[in-house]
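Engineer: Just so we're aligned: 579 in our numbering is position 44 of the sequence shown, and the numbers increase by one with no gaps anywhere.
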Amino acid sequence: PDDPRVEETADELVALLPADLPLAPGDPADNAFLDALYADFAPAQAAVLRRVISLLKERKP
536 PDDPRVEETA DELVALLPAD LPLAPGDPAD NAFLDALYAD FAPAQAAVLR
586 RVISLLKERK P
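(1) Within 10 angstroms of the Cβ of Ala-582, are there 16 or more other Cβ atoms? Answer buried if so, exposed if not.
(2) Please specify which runs of the alpha helix (DSSP H), each continuous and at least 4 residues long, are wholly inside the stretch 539-578, giving them in chain order.
(3) Between the stretch 572-591 and the stretch 541-552, are three or more C-beta pairs nearer than 8 Å?
(4) Looking at Val-587 and Ala-554, is the spacing between their C-beta atoms short of 9 Å?
(5) Hey, Ala-574 and Val-541 are a contact pair by Cβ (cut 8 Å); roughly how many whole angstroms apart?
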């Protein structure tokens with residue numbers, strides 16, 4: 536969704552997570568578990584979760 540709160544909310548959530556948080560290997564876009572998880576959320580909420588995962592992957596060296 537084009538909800539401007541998605542980016543802000545994702546940024547706030549990522550700031551709460553430890554910098555050394557381990558991430559699951561692989562591409563989150565190709566993950567049946569995440570697809571099922573996103574289906575349980577409203578579109579904007581799922582977008583926040585997707586963005587959080589993206590931001591976490593970006594901050595990893």
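By construction, the Cβ of each residue, glycine as well, lies at the ideal position given by its N, Cα and C atoms.
Structural biologist: In short, the structure shows the following:
(1) Reading the sequence shown from its first residue, position 47 is the one you call residue 582. When all chains shown are included, Ala-582 counts as buried.
(2) 540-551 and 567-574
(3) yes
(4) Looking up residue 554 in the sequence shown gives position 19. Looking up residue 587 in the sequence shown gives position 52. No, the Cβ-Cβ distance between Ala-554 and Val-587 is not below 9 Å.
(5) Translated into positions along the sequence shown, residue 574 becomes position 39. Translated into positions along the sequence shown, residue 541 becomes position 6. Not really, about 17 Å apart at Cβ, beyond 8 Å.
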